[in-house]
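Asker: One structure follows; several queries about it will come next.
There are 2 protein chains.
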Amino acid sequence: MAEAKSNKVNMKTLAKVLNVSIATISKALRDSHDIGEETKQRVIETAKLLHYVPNPYASSLRKRSSNTIAIIIPEIADSFFSQAINGIESIVGQEKYHALIYLTHDSYEREAQMFNDLSSGRVDGVLMSVASNTKDIKHIQELQQAGVPIVFFDRVCEDIPTAKIKTDDFNSAYMATKHLLERGCKNISLVTIEGYPFILQAREGGYKKALAEYQIKHQEQNVISCSNKYNQENIAFLKEHIAKIKPDGIIATVEHLATTTYLACEELKMNIPNDVKVVCFTNQITAAILNPPLTTVLQPAYDMGRKAAELLFGHLAGKPIQLEKENITLPSKLVVRDSTRATD
Amino acid sequence: MAEAKSNKVNMKTLAKVLNVSIATISKALRDSHDIGEETKQRVIETAKLLHYVPNPYASSLRKRSSNTIAIIIPEIADSFFSQAINGIESIVGQEKYHALIYLTHDSYEREAQMFNDLSSGRVDGVLMSVASNTKDIKHIQELQQAGVPIVFFDRVCEDIPTAKIKTDDFNSAYMATKHLLERGCKNISLVTIEGYPFILQAREGGYKKALAEYQIKHQEQNVISCSNKYNQENIAFLKEHIAKIKPDGIIATVEHLATTTYLACEELKMNIPNDVKVVCFTNQITAAILNPPLTTVLQPAYDMGRKAAELLFGHLAGKPIQLEKENITLPSKLVVRDSTRATD
DNA sequence: TTTATTTGCTTAAACGTTTACTTAAACTGT
DNA sequence: ACAGTTTAAGTAAACGTTTAAGCAAATAAA
Chain A
1 MAEAKSNKVN MKTLAKVLNV SIATISKALR DSHDIGEETK QRVIETAKLL
51 HYVPNPYASS LRKRSSNTIA IIIPEIADSF FSQAINGIES IVGQEKYHAL
101 IYLTHDSYER EAQMFNDLSS GRVDGVLMSV ASNTKDIKHI QELQQAGVPI
151 VFFDRVCEDI PTAKIKTDDF NSAYMATKHL LERGCKNISL VTIEGYPFIL
201 QAREGGYKKA LAEYQIKHQE QNVISCSNKY NQENIAFLKE HIAKIKPDGI
251 IATVEHLATT TYLACEELKM NIPNDVKVVC FTNQITAAIL NPPLTTVLQP
301 AYDMGRKAAE LLFGHLAGKP IQLEKENITL PSKLVVRDST RATD
Chain B
1 MAEAKSNKVN MKTLAKVLNV SIATISKALR DSHDIGEETK QRVIETAKLL
51 HYVPNPYASS LRKRSSNTIA IIIPEIADSF FSQAINGIES IVGQEKYHAL
101 IYLTHDSYER EAQMFNDLSS GRVDGVLMSV ASNTKDIKHI QELQQAGVPI
151 VFFDRVCEDI PTAKIKTDDF NSAYMATKHL LERGCKNISL VTIEGYPFIL
201 QAREGGYKKA LAEYQIKHQE QNVISCSNKY NQENIAFLKE HIAKIKPDGI
251 IATVEHLATT TYLACEELKM NIPNDVKVVC FTNQITAAIL NPPLTTVLQP
301 AYDMGRKAAE LLFGHLAGKP IQLEKENITL PSKLVVRDST RATD
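Okay, structure coming up:
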């Protein structure tokens with residue numbers, strides 16, 4: 001058990017032990033044709049015996065590639081993103097890559113800062129959901145022009161020509177709204193958050209389309225934009241809106257708005273679904289045990305993350321994938337529960 | 001705008017442009033005493049102008065340190081871990097470090113594999129929660145002996161002499177149990193998951209202590225061990241237990257067991273809190289809007305992550321921190337809601 | 001004035017790999 | 001037997017930093 005001293009064992013060590021050159025070690029470990037079968041075996045054996053693990057930084061420096069990707073997302077305490085990471089990780093691990101994680105907290109400045117750092121060659125590729133207040137996309141363009149492939153998921157940047165994995169925001173909002181209309185709602189509010197022009201535009205579009213189909217005139221005041229964090233002020237803000245507009249249906253477009261909406265309704269003594277019916281975009285398993293159980297738009301978070309990673313790694317592996325041609329939409333699912341139960 | 005060609009600009013480029021040596025560039029950028037003030041400014045200016053970003057791999061190779069840490073956790077789709085990552089990230093970002101994320105999925109084999117990789121010098125330190133089925137800790141010992149500092153949070157490994165950030169599992173389980181006893185429960189089940197001897201031992205200990213104080217004899221059959229994933233089989237398994245034991249109180253020790261427990265009770269037509277009162281260890285904000293609102297043991301996830309990161313970075317920065325002496329316990333909080341409302 | 005010291009910079013080696021190029025020996029076919 | 005090819009190695013440069021050591025000129029101390 002004493003064969004492996006804590007002194008770093010590197011190729012030089014192995015070369016010395018085996019009395020061959022460093023090049024032989026390197027080639028043997030990468031299974032090069034240059035090296036004889038017997039030598040290869042000897043190298044592999046002693047490498048294992050001495051617990052040799054290659055230095056990734058030397059390798060990355062020389063090869064100009066790092067076997068590392070970056071995951072850049074706005075936040076992590078959200079079931080959509082954590083499930084998406086699970087999907088990403090399922091590929092990253094399998095491909096023996098490493099994943100750096102960066103949280104922008106929806107700040108453009110941090111995002112730009114991160115991209116600046118990444119232009120160093122730190123990563124071979126990027127998987128990202130853009131920050132809500134990113135308007136200027138120069139940082140993304142520059143990284144892409146520097147040759148780092150980028151794949152967007154969920155919160156994509158339409159103006160960058162690369163792969164985008166989205167869910168059908170327009171359609172799922174349309175379905176959700178139609179569902180409320182079918183259940184008799186006539187005055188539906190759309191509760192969104194600041195930022196995310198594309199996604200929110202799509203959801204608002206689907207919402208409006210459904211209204212139009214039911215000959216309901218859309219009112220600007222029925223669309224309310226909260227701040228993107230769960231707190232007391234948000235609840236108060238929403239309460240005010242509900243008290244004023246008295247909607248009979250609410251579509252909450254992000255996860256934490258479910259709690260905000262339920263608490264606001266409770267404080268206003270408005271019963272769900274009798275006084276107001278609620279649908280929320282969320283992936284939380286607790287939706288089923290809420291009071292009442294919440295009708296949700298369930299997004300394919302895991303699959304989106306996985307698909308995004310598959311495209312990126314396919315590209316990195318040199319497969320003939322034209323990232324800019326990949327524009328994939330995975331369907332969300334409306335899961336109907338009691339928060340939109342028919343009442344009358 | 002044409003000053004920065006996409007050709008990688010490195011120290012050599014800067015040296016050529018400014019007609020000084022590479023060493024001067026390096027030292028100027030690191031604000032060395034060796035370099036004159038005027039030269040420093042010129043270097044910094046042109047570096048900015050040409051969008052120079054240092055190559056992290058060259059730097060890491062030479063300095064034998066990577067400005068990177070590893071976060072190793074069992075899973076990520078769990079509010080405790082995602083909040084803990086938020087806490088960690090708050091320090092990582094501020095210290096200009098980078099964080100690699102690894103998910104063990106509670107598998108010892110993957111964990112050991114990851115540690116093996118990390119012995120390459122890939123990271124300067126590790127923040128981790130150990131996998132549930134990790135019994136053999138040789139991989140952890142070896143990395144530590146190789147000089148990589150490790151800080152545990154939540155799911156610690158008691159046999160490794162290093163910093164451990166825990167929450168008071170014993171006491172919070174004790175409080176939760178006592179709370180149920182005060183509310184009149186006489187037959188309390190503890191629902192746990194497989195693995196995690198230390199944490200579960202502590203929680204079971206607290207549970208037993210409370211029972212003892214109330215002169216209730218502990219029954220082995222009241223402790224049930226589910227599998228650590230949310231699915232239908234788990235619900236069925238728990239239903240069976242509840243049907244057999246007919247507990248009037250349940251303590252669910254991990255987040256996803258809340259949903260499992262609620263659904264099991266619902267299927268058995270057992271009313272919470274009338275027929276059975278429920279407490280769960282969870283950090284989800286939806287606890288407040290469940291049916292009924294769930295009494296929770298709220299763990300200081302963010303603070304635990306943050307504290308763990310603080311210790312690690314303090315150590316890395318050379319502060320006089322003796323990691324092996326740090327054994328910190330942050331209190332959890334019992335948040336009482338309707339799932340344990342007094343009835344009778 | 002002479003000797004130390006400081007200032008500001010350069011030289012060159014090192015970190016641990018990978019790889020283009022070279023080389024010597026062994027095999028091939030004629 | 002000999003030119004040509006294949007096989008199995010080795011040599012050395014390169015990746016982009018950091019840093020110990022050196023050195024000339026300027027400054028300070030005696």
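Chains as they are written, first to last, in the UniProt record's numbering: chain A, 1 to 344; chain B, 1 to 344.
Just so it is clear, CB atoms sit at the ideal spot from N, CA and C, and this is done for glycine as well.
Identify every run of the alpha helix (DSSP H) within the region 166-220 of chain B, keeping only runs that are complete inside it and at least 4 residues long; order them along the chain.
Answerer: The region 166-220 of chain B contains these whole alpha helix (DSSP H) runs: 169-182, 197-213.
Asker: Determine the extent of the beta strand (DSSP E) in which G249 of chain B is found, giving its start and end residues.
Answerer: Following the DSSP letters along the chain, one finds G249 of chain B inside the beta strand (DSSP E) bounded by residues 249-252.
Asker: Within this structure, are the beta carbons of T167 of chain A and Y207 of chain A separated by less than 7 Å?
Answerer: no
Asker: Answer yes or no: do S26 of chain B and Q284 of chain B have a C-beta to C-beta separation smaller than 7 Å?
Answerer: no
Asker: To test your reading of the DSSP string, which unbroken alpha helix (DSSP H) runs of 4 or more residues are found completely within the region 101-169 of chain A?
Answerer: Considered as a whole, the region 101-169 of chain A harbours 108-118, 138-145 as its complete alpha helix (DSSP H) runs of no fewer than 4 residues, in chain order.
Asker: Could you name the residues of the region 147-175 of chain A whose beta carbon sits closer than 7 Å to any beta carbon of chain B, in the order they occur along the chain?
Answerer: Within the region 147-175 of chain A, no residue has a Cβ that lies closer than 7 Å to any Cβ of chain B.
Asker: Between S6 of chain B and chain A, is any beta-carbon pair separated by less than 7 Å?
Answerer: The pLDDT assigned to S6 of chain B is 45, lower than 50, so where the model puts this residue is not dependable; a value taken from the coordinates is nonetheless given after this. Yes, contact with chain A.
Asker: Provide the residue span of the alpha helix (DSSP H) that contains S21 of chain B, from first to last.
Answerer: No alpha helix (DSSP H) contains S21 of chain B, which DSSP labels as neither H nor E.
Asker: Taking the continuous beta strand (DSSP E) assigned at T329 of chain A, which residues delimit it?
Answerer: 327-330
Asker: Can you tell me the Cα-Cα spacing of I193 of chain B and S339 of chain B, whole angstroms?
Answerer: 21 Å
Asker: Distance, Cα to Cα, K325 of chain B vs A163 of chain B?
Answerer: 7 Å
Asker: Based on DSSP bridge pairs, tell me the residues matched to L298 of chain B.
Answerer: BP columns for L298 of chain B point to B:K333.
Asker: Please name the residue, chosen from A:G36, A:L61, A:Y52, that lies closest to P56 of chain B on a Cα-to-Cα basis.
Answerer: Closest option to P56 of chain B, Cα to Cα, is A:L61.
Asker: From what residue to what residue does the alpha helix (DSSP H) around S90 of chain A run?
Answerer: 79-94
Asker: Between the Cα of S225 of chain A and the Cα atoms of A:G249, A:G318, A:L200, which residue gives the shortest distance?
Answerer: Measuring from the Cα of S225 of chain A, the nearest candidate turns out to be A:L200.
Asker: Tell me whether S32 of chain B sits in a helix, a strand or coil according to DSSP, three-state version.
Answerer: In the structure shown, S32 of chain B falls within a coil segment according to DSSP collapsed to helix, strand and coil.
Asker: Measure the C-alpha to C-alpha separation of I242 of chain A and A99 of chain A and round it to an integer number of angstroms.
Answerer: 43 Å
Asker: Output needed for V336 of chain A: all residues of its chain with C-beta closer than 8 Å, excluding positions within five of it in sequence on either side, in chain order.
Answerer: H179, T295
Asker: Which residues, taken in chain order from the region 53-66 of chain A, show a beta carbon closer than 8 Å to some beta carbon of chain B?
Answerer: V53, P54, N55, P56, Y57, A58, S60, L61, S66
Asker: Output the boundary residues of the alpha helix (DSSP H) element that contains T261 of chain A.
Answerer: 256-267
Asker: Using a Cβ-Cβ cut-off of less than 7 Å, list which residues of the region 81-101 of chain A approach chain B; keep chain order.
Answerer: S82, Q83, I85, N86, E89, H98, A99, L100, I101
Asker: Any chance the region 104-116 of chain A sits against the region 315-333 of chain A, with 3 or more Cβ pairs inside 8 Å?
Answerer: These segments do not touch.
Asker: N116 of chain A touches chain B at which residues, Cβ-Cβ below 9 Å?
Answerer: Under the 9 Å cutoff, chain B gives H51, V53.
Asker: Is it true that the CB of D159 of chain B sits closer than 7 Å to the CB of R203 of chain B?
Answerer: no
Asker: Report the CB separation of I85 of chain B from F115 of chain B in whole angstroms; it is logged as a contact under 8 Å.
Answerer: With a Cβ gap of about 20 Å, I85 of chain B and F115 of chain B do not count as contacting.
Asker: Anything in chain B within Cβ reach of H256 of chain A, meaning under 7 Å, just list it in chain order.
Answerer: I285
Asker: Over what stretch of residues does the beta strand (DSSP E) that includes T68 of chain A continue unbroken?
Answerer: 68-73
Asker: Does the region 44-56 of chain B touch the region 27-34 of chain B, meaning 3 or more C-beta pairs lie closer than 8 Å?
Answerer: yes
Asker: State the start and end residues of the unbroken beta strand (DSSP E) segment that holds K277 of chain B.
Answerer: 277-281
Asker: Check whether the Cβ atoms of V278 of chain A and M270 of chain A lie closer than 7 Å to each other.
Answerer: no
Asker: Taking only beta-carbon atoms, is E3 of chain A less than 7 Å away from chain B?
Answerer: Residue placement at E3 of chain A is flagged as unreliable, the pLDDT there being 35, under the threshold of 50; a coordinate-derived value is accordingly withheld.
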